[in-house]
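Chains as they are written, first to last, in the working numbering: chain A, 71 to 184; chain B, 136 to 248.
Just so it is clear, CB atoms sit at the ideal spot from N, CA and C, and this is done for glycine as well.
Reading through the structure tokens given below for one structure.
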Amino acid sequence: AQSVTQLGSHVSVSEGALVLLRCNYSSSVPPYLFWYVQYPNQGLQLLLKYTTGATLVKGINGFEAEFKKSETSFHLTKPSAHMSDAAEYFCAVSFSGGYNKLIFGAGTRLAVHP
Amino acid sequence: NAGVTQTPKFQVLKTGQSMTLQCAQDMNHEYMSWYRQDPGMGLRLIHYSVGAGITDQGEVPNGYNVSRSTTEDFPLRLLSAAPSQTSVYFCASSSTGVNTEAFFGQGTRLTVV
């Protein structure tokens, strides 16, 4: 069965520090990979996605993620955290023939302190 | 462009009551889905639809019904509310294809007492 694991339910960084949010997936078929962000009391919005091609994907607000097939990982990074990045981040996967049925990880809440 | 609109935003129900959560999208998307969000569990798929008249179950369908009579609307019905259905519910829509962006509504926070 396919699954998504996000390591660390809470991550805290200083403003200006590197952000690293971890995501690993389990699948027997090639996945499509997504990162979504949820700001307080709002719905989810897409940060970035990997489908095929280049394994380093750039998204909005300076975030990027690298698909590493050998490690079954899709970690999210941002070189320098900003206070406005404080939110909950979800890694998700879908699969060919899956009608875009997303399987989500449990989420990582990012706190940014001055 | 309104995107995905969910109503109501908040609701309190008594155990055993029924209600319908509304979801409408104006992007002419074929694919619509309902998720519930619970702390520490991410979002879990309840039901989904790949077009008008076509629905199917997701991971946690028990206690919920859906129908899709138009492309725009995808209501979620709670038949007999239980405290275990206390959650935040999100409706999403996307164009067909497994790698397309899903657009989410603002959510409905439901409390069952």
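Would residue i be called buried (16 or more neighbouring beta carbons within 10 Å of its own) or exposed?
i	result
residue 135(B)	No information on residue 135(B) is available, as it lies outside the stretch 136 to 248 that chain B covers here.
residue 153(A)	exposed
residue 151(A)	buried
residue 181(A)	exposed
residue 181(B)	buried
residue 171(A)	buried
residue 246(B)	exposed
residue 145(B)	exposed
residue 149(B)	exposed
residue 158(A)	buried
residue 222(B)	buried
residue 192(B)	exposed
residue 99(A)	exposed
residue 220(B)	buried
Just to confirm, is the Cβ distance from residue i to residue j under 9 Å?
i	j	result
residue 188(B)	residue 212(B)	no
residue 227(B)	residue 184(B)	no
residue 162(A)	residue 104(A)	yes
residue 135(A)	residue 96(A)	no
residue 172(B)	residue 224(B)	yes
residue 139(A)	residue 125(A)	yes
residue 114(A)	residue 239(B)	yes
residue 166(B)	residue 235(B)	yes
residue 93(A)	residue 74(A)	yes
residue 217(B)	residue 153(B)	no
residue 160(A)	residue 144(A)	no
residue 111(A)	residue 141(B)	no
Just to check my reading of the structure: residue i and residue j have Cβ atoms closer than 8 Å, yes? What is that Cβ distance to the nearest angstrom?
i	j	result
residue 118(A)	residue 133(A)	6 Å
residue 120(A)	residue 164(A)	About 11 Å; that fails the 8 Å criterion.
residue 147(A)	residue 90(A)	5 Å
From the DSSP secondary-structure annotation, give me the bridge partner or partners of residue i.
i	result
residue 104(A)	119(A), 162(A)
residue 155(B)	212(B)
residue 173(B)	177(B)
residue 167(B)	184(B), 228(B)
residue 114(A)	108(A)
residue 142(B)	157(B)
residue 191(B)	183(B)
residue 174(A)	162(A)
residue 136(A)	126(A), 145(A)
Measuring alpha carbon to alpha carbon, tell me which of the options ends up nearest residue i.
i	options	result
residue 78(A)	159(B), 200(B), 177(B)	177(B)
residue 155(A)	88(A), 94(A), 144(A)	88(A)
residue 229(B)	156(B), 163(B), 158(B)	163(B)
residue 205(B)	157(B), 151(B), 196(B), 137(B)	157(B)
residue 80(A)	140(B), 142(B), 186(B), 174(B)	174(B)
Quick one: does the C-beta of residue i sit closer than 8 Å to a heavy atom of the ligand HEM?
i	result
residue 93(A)	Absence of the ligand HEM from the depicted structure is noted, as is the absence of any ligand whatsoever, leaving it without description.
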